[in-house]
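Protein chains in written order, with my numbering: chain A, 1 to 582; chain B, 1001 to 1582.
If you want it as structure tokens, here you go:
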């Protein structure tokens, strides 16, 4: 693999033609770019060539080009007039195409500018070392994310703006609910909806229209023209990637779970109906399998596990759980709905983070006093996923939850309730009574909800065990880093997750929260063309295990449904805490 | 370079997916094709992937694919249901895109068919040797060209149907005048007309509409659906190639004569407005320079000079004269309007071949008796280019033309005329008097016309001398073969051309007439995918000399304007003939 270029946008001088060098205009430009980039052939699409000769001369043989890659190498995206004003950069749009939320971020594209040759004395060739300009890294006027989508994005939390790539140019983002929810709340419903070509068209239009709407808002707020966005990188799970392209997704969810395409070729914005320049190019991160999508590959690129010397693990807890363990020598991935356990599990039980949502819970084991914390310290409205894990951990450590995950009435005391219309006797735990809640209603956690959490945490631990111990043949303690990715994962308190046996009992300082790693990876690719090679390395080097059909998983799962586990030796720190408490 | 596939159309079994082999559908197909073709990566355009999973299963995991190449390798053109009926082939359309005439030929595409696997026992892989079927070579019902364009193609002569590739499948052709004539009679006028993007659009529409109209006629007459034409290869000169694509051509005719593109990427039929399946792919033969177009490259491919052990020469006499000399080690090309001499020269002086056109002339030197031959032995209507060369040779050998190419009144006798409204005393030679002509008018050749022929023949010889002697450093006698290409060239009598000093004085058996070599090359590429490598070899190996600006040429030109030449030692056989005659 040849050295990768440092930017997608380049301003170069094309040698003037003369009788002794009468190579065609297109080929002269390609020749300069090949030298400049140190790469092989570059494809010059014919639509760009039609009026190129006139423009080339009008621009005095100096042009700005935008390049991108497909499976076979580099191609020209656009050719533009070079600008005097280097504070007017071109942009890329990074998109985290989530099932429930879509997050987009504008990224200034770096530009490489060859030193301008005098109009009177053409250089004749382009052998001079290109000046790697940093003009594209300058601020376009705004430098922080702005909330523009009303209530659904009232809080930036969970949208991945908290952890920008440190050396990234200024950027600005926007987040909104995936409009496909209108056609189906979850992936399964949408894939069924997309069973006909009309249904697929509808789903595609929903998401494209939603993106268009928010491109307009984002550009308006940033004061830039959408015509300056020429690249778009999209990281979504396999199903979302298929549905975004309008591609048949039915076989993703039928055994043996086959995507239509794993590495989609980049497509032009015009073919998708995006309100970007028709020539703008849209790249979709490749899938590894049906349940291991481009969002994970993008996240892996950001985490950089494929470059680590010692094994690390990355866990993305979203609608599903996806896990990758490995290092620069090897990568093993597994993912899946993991049966009904995690499907519709933790991440969907609670409310979306927002003011008044309970995100932290503390229970004093001796008094039974329940201390809650809400976002923005508003009156409590409900509980989110991370709050539930805290709550379960605290209930368990206080003895209010037994090792099967059932409420213990005599320990819960007056907070223990029996509701008529529920199964299992309608047992529930009163978290906030109606007098103190923001809704005027009791905020309770039912045994049914607790069972669901139990299944989810058991599934998570079982997945980790299968991949780390049974597949990679390692101990959890050998992992150098434990990366937690995904919006939901960002808010989990690892200590609580360990207490309930959801995450393995390793040193707390090995846990690292990545934030919205899919978005970060998508943004990173817009800055580093060399990441194409990294993505290819990840894609080709990864061994993918389909968990849905893994018998080992089902065997392990039963033990993991206990708190923290039937095998307490796996959780020495929890064992100690329980001892202290009791 | 890996071994080239033998056909563009292949029917293959795609391994069924299973839990242990859950590669995506698109990638499984690509993987089979890569093995099958022995080639590197194959691009799978996203529009083909959208409904591929359903079709793949519906077709029981067996598909017919059409492949083609661009500058970076192979890509999928289309995916179709495999057919039981192998007598229903797919077609390619070869096009000779001439400035004055367009000739098209339908070619049955060869198919490679993997042995069908039983529906019950999938093969699991595609490692078996592919069966190179010959079903595509079967006749679609018609096997000879059919004249369908009325009077303008009343005769097949000169349209290149006389010399089909011997082992080519059945084919059928059609020829028609280039409709761009409406916008400009010659290349220069059309390039000026295309100076605006509106003008370019008009020119493109004219040629595309003309082609569409004749595709419809051709398909109707052949009883095939235009939807079965998936590939189109177009060989045209540089200007025609530019105008066909709607590309700026202005700089082709301004010093230093620069094309917009030399090797255009293939384009989809839909982007050109062709009445073919939108996914059909149109390939344009690459140009070497402004005056050395894809028609010549195609002709070279057909002649195969680039594979010869000993040096050969190919001369294409059309609107311009283009010459290539070389062998498998080296190739030198030169071409050009060669000043005003050949521009608007021989090939445009006479009539287009057709019934009543004088194509052969014999003059008895002792009696001065003029014996003419007309096409179809009809009453004479006028003279065509090849007839003019015959006439000039016979006039010269009979002493009726002096060595400057001027009529000698006392030898011409009563056939010598002086017309009032012409220059140079309005001298003319009466070829057929009004009593014997089919028009009721005298058929004459004026001194002006003869001067034009003199310039043309001098330009042709000078070009040959510059390239063979001055550039390649050889003698004409060292050339193993002298290929004469182009519609006009097909009808030149080499003996006559030698007599007037137009072609060098070498053994007659070294001359070989290629016919419409551009069309033949375009048709050949539709049969042999390996020819892509040959084209690349030709393109990269050729040294191109721009004759327009060659001072040597102008020096030589003066001597070559004499009959046969100021240096009579160059024409020993003519010297002997003159001796015998006098």
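Here a beta-carbon is modelled for each residue, glycine too, at the ideal position from N, C-alpha and C.
Hey, would you say residue 1207 of chain B sits closer than 9 Å to residue 1102 of chain B, going by beta carbons? yes
At least 3 beta-carbon pairs within less than 8 Å: the segment 1266-1280 of chain B vs the segment 1220-1239 of chain B: yes
Using the DSSP secondary-structure output, state which residues sit across from residue 1021 of chain B in a beta bridge. B/1018
Could you tell me whether the segment 1285-1292 of chain B touches the segment 1074-1092 of chain B, where touching means 3 or more Cβ pairs closer than 8 Å? no
Do residue 1526 of chain B and residue 1231 of chain B come within 9 Å of each other at the CB atom, strictly closer than that value? yes
Report yes if the C-beta distance between residue 114 of chain A and residue 234 of chain A is below 9 Å; otherwise report no. no
Ignoring anything shorter than 4 residues, give me the alpha helix (DSSP H) runs that lie fully in the segment 1442-1478 of chain B, in order along the chain. 1447-1465
Here's a check: name, in chain order, each residue in its chain whose Cβ is nearer than 6 Å to the Cβ of residue 262 of chain A, leaving out the five neighbours to either side. 286 and 287
Are the C-beta of residue 18 of chain A and some C-beta of chain B separated by less than 9 Å? yes
Is the number of C-beta pairs between the segment 1170-1181 of chain B and the segment 1207-1221 of chain B that are closer than 8 Å three or more? yes
Does the Cβ of residue 260 of chain A have 16 or more other Cβ atoms within 10 Å, making it buried, or fewer, making it exposed? buried
Keeping to the same chain, check which residues put their C-beta closer than 7 Å to that of residue 1560 of chain B; ignore five residues upstream and five downstream. 1458, 1461, 1462 and 1501
Residue 1519 of chain B - containing alpha helix (DSSP H), residue span: 1517-1527
Just grab the DSSP bridge partners of residue 1257 of chain B for me. Partner(s): none; residue 1257 of chain B has no beta bridge.
Closest by CA to residue 1015 of chain B, which one among A/258, A/471, A/199 and A/93? A/258
Would residue 415 of chain A count as contacting chain B if we go by Cβ distances under 9 Å? no
Rounded to whole angstroms, what is the Cα-Cα separation between residue 1024 of chain B and residue 490 of chain A? 31 Å
What residues match up with residue 1563 of chain B in a beta bridge as DSSP calls it? Beta-bridge pairing links residue 1563 of chain B to no other residue.
Do you know how far the Cα of residue 5 of chain A is from the Cα of residue 531 of chain A? 10 Å
Can you name the residues of chain A whose CB is closer than 8 Å to the CB of residue 1262 of chain B? 23, 24, 26 and 27
In chain B, what lies closer than 9 Å to residue 52 of chain A by C-beta? 1247, 1248, 1260 and 1261
Please name the residue in A/210, A/20, A/183 and A/10 whose C-alpha comes closest to that of residue 104 of chain A. A/210
Please state the DSSP three-state secondary structure of residue 1075 of chain B. strand
Residue range of the unbroken alpha helix (DSSP H) whose run includes residue 241 of chain A: 238-245
Just the chain B side, please: which residues come within less than 7 Å of residue 251 of chain A by C-beta, in chain order? 1053
Helix, strand or coil at residue 1510 of chain B according to DSSP, with G and I counted as helix: helix
Can you find a CB in chain A that lies within less than 9 Å of the CB of residue 1124 of chain B? Confidence in residue 1124 of chain B is poor, its pLDDT being 32 and thus under 50, which makes the residue's placement too unreliable to answer from.
How close, in whole Å, do the beta carbons of residue 243 of chain A and residue 180 of chain A come, if the pair is a contact with beta carbons under 8 Å? 7 Å
Which residues in chain A sit within 9 Å of residue 1257 of chain B, going by Cβ to Cβ distance? 17, 19 and 22
Does residue 70 of chain A get closer than 9 Å to chain B when you measure Cβ to Cβ? yes
Partners in chain B for residue 265 of chain A, counting only beta-carbon separations shorter than 7 Å: 1043, 1044, 1045 and 1046
Under 9 Å, do residue 83 of chain A and residue 10 of chain A count as touching if we go by C-beta distance? no
Taking only three categories from DSSP, how would you classify residue 1196 of chain B? coil
With which residues is residue 1374 of chain B paired in a DSSP beta bridge? B/1358
Would you mind reading off the limits of the beta strand (DSSP E) that contains residue 535 of chain A? Run containing residue 535 of chain A: none in the beta strand (DSSP E); it sits in the alpha helix (DSSP H), 531-541.
Starting from residue 97 of chain A, follow the beta strand (DSSP E) in both directions and report where the run begins and ends. 91-97
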